Amino acid sequence: MTNYLEFEKPLAEIEGKAEELRAMARANEEMDIEKEAAALDKKAADLLKSLYADLSAWRKCQVARHPDRPHCRDYIDTLFTEYTPLAGDRNFADDHAVMGGLARLDGTPVMVIGHEKGFDTKTRIEHNFGMARPEGYRKAIRLMELADKFGIPIVTLVDTPGAYPGKGAEERGQSEAIARSTEKCLQVKVPLISVIIGEGGSGGAVAFATANRVAMLEHSIYSVISPEGCASILWKDADKMREAAEALRLTAQNLAELGVCDRIIPEPVGGAHRNKEATIAAVGDAIRAMLAEFKGRKGKEIRDGRRKKYLALGSKGLAA
Amino acid sequence: MNWITNYVRPKVNSLFSRREVPENLWTKCDECGTMLFHRELADNQNVCTSCGHHMAITARARFTALFDGGSFAEVAVPEPLTDPLHFRDQKKYTDRMKAAQKSTGEKEAMLVAEGDIGGTPVVAAAQDFSFMGGSMGMYVGNAIIAGAEKAVELQRPFILFSAAGGARMQEGILSLMQMPRTTVAVEMLKEAGLPYIVVLTHPTTGGVTASYAMLGDVQIAEPNALICFAGPRVIEQTIREKLPEGFQRAEYLLDHGMLDRVTPRTKLREELTTILRMLLALPAAEITPPAKSEAAPTPEEKAAKK
Ligand SMILES: [Zn+2]
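The listed protein sequences correspond, in order, to chains A and B.
Per our numbering, the very first residue in the first sequence carries number -12; after that it's consecutive.
Per our numbering, the very first residue in the second sequence carries number 4; after that it's consecutive.
Next up, the structure:
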């Protein structure tokens, strides 16, 4: 079953018709519908291609948040072997919004850390929709320190609406936890590679994505604030999210132009959720390529390079 | 006739300068309702003399009260790109900037300066909430980096007064990138072995709290300052319950172990000197009285208050 997005409605109609025809043919063997159904398939494929060739910023937000998009867990299961989750912040709890642990990529040990949103109601609640609490950042800090101590490269997979706006999260120092996690990202002397696989929501994303290289999936987003939040503050109307999404320049393409995104990973036609295997494989290739850039580099050089990269950001604006 | 002009001029000047004081000579304290004389309030660094409520203070006024003899030298901040995203909501970002510059008389939301506090040379940065909510954009990022670099160059401590609604949305991702950029600045200070003291003032929220404002060697806050990542309204909407009294205020954070101290503005100068001199292994200082912003109220002004 396909979960269609709002803007995919015309596509849903065509695909639905084709399916209906085939169902009728199965019930009545004398009907010859294949030609007609094939024509509908072709029409659907063309429409899908054209819809995704030029997605508006708001549509990209919807694709980036698509529930069927491959999640952190899918990447870990497929790309890595011997994944060994390491839990807890040693202070308060283990945050299930953040997955992390040791694993091997093509036999080489890496530390993988990422946000997991969950795939159904039960797991979404368990993972708190990918919104980390302070414990999540503190777990990540601990894992980054461990990786740094043993010279293991770090790979982060970012997919979060943002930090969790909760009472306990604030009481336990959400701000400090995010600040320290960002700081840790800037301190480690091992390569730190980040891939924005869905939503890069504000401070919750920065805490993991302050990296030597930041790659973004073609239809992923990375933003200072959600379009809805921005609309309600600047337009005083949350329904102006389309305008806000456009104004915020939160697409991978805009971010590449600004120098924030180092590499765009193409998605299959119709988005990552229409072909998970191909998406995951492409992300794997990008991670390998980015890690390879740091082979044989000295720790200090790796760390200083990361700092210089951030200091230099902001020298390029967008073309008018 | 010369002696007359010489004689008259001072009086005319003093009348004229009194006219320059905003038409309304009074400010009503939003906390206790007391009518406070502008000059009296300014002398007390915008802290209500009746109830101790801390009102907003501009970066410049803060520095005048903070530095010995009110004297400080501004540290130059590299100019960032103007409006890199060509942002427009209901208004153009460039128009919002112009309006903020006009109303505050400042270039941007942060002022960086060097000078002495209680005889101790420091570099300080202060965020100005009156300039677009103190929001952190590329200029604020550049200001913090310039301040940290100056502190390292001069081998001095760095004091930062935060006040911001968060990141400047109009600069999109580039405002978010000030979180790692300013953290690099903090790392510079750390590696140079220089003290970095943060004074959180009302309000300090969002990406500012979640970066440089929470990474101080010593974390001090002004009384009752709102300090948070997610604001109380957002949290109330999420958890759908009323938040406890004083939630996310300085004293609440102190109770929850998030701050070292809560200190009234009028005591900050002394306290910063004391702490810095110990961290720097300098002998205890004799604190000189802070500079007064203007002369004490005249008798008529005092009478008018009653
Ligand atoms: Zn008062």
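Note that CB positions come from ideal geometry on N, CA and C, so glycine has one too.
Since the structure is predicted, the reported quantities are computational estimates derived from the model, not experimental observations.
Please report whether the beta-carbon of residue i lies at a distance below 9 angstroms from any beta-carbon of chain A.
{"i": "residue 141/B", "result": "yes"}
{"i": "residue 86/B", "result": "yes"}
{"i": "residue 199/B", "result": "no"}
{"i": "residue 71/B", "result": "no"}
{"i": "residue 246/B", "result": "yes"}
{"i": "residue 100/B", "result": "no"}
{"i": "residue 223/B", "result": "no"}
{"i": "residue 156/B", "result": "no"}
{"i": "residue 216/B", "result": "yes"}
{"i": "residue 24/B", "result": "Legend: pLDDT at residue 24/B = 48, less than 50; position of this residue unreliable, value from coordinates given subsequently. Judged by the 9 angstroms Cβ criterion, residue 24/B is not in contact with chain A."}
{"i": "residue 251/B", "result": "yes"}
{"i": "residue 51/B", "result": "no"}
{"i": "residue 210/B", "result": "yes"}
{"i": "residue 263/B", "result": "no"}
Less than 8 angstroms between the CB atoms is what I'm expecting for residue i and residue j, so what's the real figure, rounded?
{"i": "residue 166/B", "j": "residue 130/B", "result": "5 angstroms"}
{"i": "residue 73/A", "j": "residue 88/A", "result": "4 angstroms"}
{"i": "residue 151/A", "j": "residue 196/A", "result": "Not a contact, Cβ separation roughly 18 angstroms."}
{"i": "residue 173/B", "j": "residue 63/B", "result": "Actually they do not touch by this definition, with Cβ atoms about 24 angstroms apart."}
{"i": "residue 167/A", "j": "residue 128/A", "result": "6 angstroms"}
{"i": "residue 148/A", "j": "residue 186/A", "result": "6 angstroms"}
{"i": "residue 223/B", "j": "residue 252/B", "result": "With 8 angstroms as the limit, residue 223/B and residue 252/B do not qualify as a contact, their Cβ atoms being about 14 angstroms apart."}
{"i": "residue 242/B", "j": "residue 104/A", "result": "Not a contact, Cβ separation roughly 19 angstroms."}
{"i": "residue 169/B", "j": "residue 138/B", "result": "6 angstroms"}
From which residue to which residue does the beta strand (DSSP E) around residue i run?
{"i": "residue 250/A", "result": "250 to 252"}
{"i": "residue 202/A", "result": "200 to 204"}
{"i": "residue 120/B", "result": "113 to 120"}
{"i": "residue 161/B", "result": "161 to 167"}
{"i": "residue 127/B", "result": "123 to 130"}
Tell me the DSSP secondary structure of residue i in three-state form.
{"i": "residue 31/B", "result": "strand"}
{"i": "residue 89/B", "result": "coil"}
{"i": "residue 186/A", "result": "strand"}
{"i": "residue 132/A", "result": "helix"}
{"i": "residue 104/A", "result": "coil"}
{"i": "residue 24/B", "result": "With a pLDDT of 48 at residue 24/B, under the threshold of 50, the modelled position of this residue cannot be trusted, and the question is left open."}
{"i": "residue 95/B", "result": "strand"}
{"i": "residue 298/A", "result": "helix"}
{"i": "residue 117/A", "result": "helix"}
{"i": "residue 207/A", "result": "coil"}
{"i": "residue 264/B", "result": "strand"}
{"i": "residue 214/A", "result": "helix"}
{"i": "residue 151/A", "result": "coil"}
{"i": "residue 241/B", "result": "helix"}
{"i": "residue 172/A", "result": "helix"}
{"i": "residue 91/A", "result": "strand"}
{"i": "residue 67/B", "result": "helix"}
{"i": "residue 97/A", "result": "strand"}
Does the CB of residue i have a neighbour CB from chain B at under 9 angstroms?
{"i": "residue 300/A", "result": "yes"}
{"i": "residue 189/A", "result": "yes"}
{"i": "residue 13/A", "result": "no"}
{"i": "residue 24/A", "result": "no"}
{"i": "residue 126/A", "result": "no"}
{"i": "residue 100/A", "result": "no"}
{"i": "residue 303/A", "result": "yes"}
{"i": "residue 123/A", "result": "no"}
{"i": "residue 169/A", "result": "yes"}
What is the residue span of the alpha helix (DSSP H) that residue i lies within?
{"i": "residue 312/B", "result": "There is simply no residue 312/B to check, as chain B begins at 4 and stops at 309 in what is shown."}
{"i": "residue 9/A", "result": "-4 to 14"}
{"i": "residue 62/A", "result": "59 to 66"}
{"i": "residue 154/B", "result": "141 to 157"}
{"i": "residue 281/B", "result": "268 to 282"}
{"i": "residue 37/A", "result": "21 to 40"}
{"i": "residue 272/A", "result": "263 to 279"}
{"i": "residue 37/B", "result": "Careful: residue 37/B lies outside any alpha helix (DSSP H) and carries neither H nor E."}
{"i": "residue 255/B", "result": "253 to 258"}
Touching or not, the segment 145 to 161 of chain B and the segment 177 to 189 of chain B, by the rule of three or more beta carbon pairs under 8 angstroms? Output reads yes: the segment 177 to 189 of chain B touches the segment 145 to 161 of chain B.
Are the segment 227 to 245 of chain B and the segment 209 to 219 of chain B touching, with three or more C-beta to C-beta distances below 8 angstroms? Because the criterion of three Cβ pairs below 8 angstroms is met, the segment 227 to 245 of chain B and the segment 209 to 219 of chain B touch.
Taking one C-beta from the segment 27 to 35 of chain A and one from the segment -8 to 0 of chain A each time, how about it: are there three or more such pairs within less than 8 angstroms? With the cut-off at 8 angstroms, the segment 27 to 35 of chain A and the segment -8 to 0 of chain A touch.
Any 3 or more C-beta pairs closer than 8 angstroms across the segment 262 to 281 of chain A and the segment 226 to 237 of chain A: No contact exists between the segment 262 to 281 of chain A and the segment 226 to 237 of chain A.
Spell out a yes or no on whether the segment 88 to 95 of chain B and the segment 106 to 125 of chain B are touching, meaning 3 or more CB-CB pairs, one atom from each, closer than 8 angstroms. Touching, no, given that fewer than three Cβ pairs across the two stretches are closer than 8 angstroms.
Check whether the segment 192 to 200 of chain B and the segment 135 to 149 of chain A are in contact - that is, three or more C-beta pairs closer than 8 angstroms. When Cβ pairs closer than 8 angstroms are counted between the two stretches, the segment 192 to 200 of chain B is seen not to touch the segment 135 to 149 of chain A, the count staying below three.
Are the segment 209 to 219 of chain A and the segment 288 to 298 of chain A touching by the rule of at least three beta carbon pairs closer than 8 angstroms? Under the 8 angstroms Cβ criterion, the segment 209 to 219 of chain A does not count as touching the segment 288 to 298 of chain A, having fewer than three qualifying pairs.
So does the segment 266 to 276 of chain B actually touch the segment 99 to 108 of chain B, counting three or more Cβ pairs closer than 8 angstroms? Of all C-beta pairs linking the segment 266 to 276 of chain B to the segment 99 to 108 of chain B, fewer than three are shorter than 8 angstroms, placing the two stretches out of contact.
Say whether the segment 196 to 204 of chain B touches the segment 156 to 171 of chain B, bearing in mind that this needs 3 or more beta-carbon pairs closer than 8 angstroms, one atom from each stretch. Touching, yes.
Does the segment 217 to 231 of chain A come close enough to the segment 176 to 186 of chain A that 3 or more CB-CB pairs lie under 8 angstroms? Between the segment 176 to 186 of chain A and the segment 217 to 231 of chain A there are fewer than three C-beta pairs closer than 8 angstroms, too few to call the two in contact.
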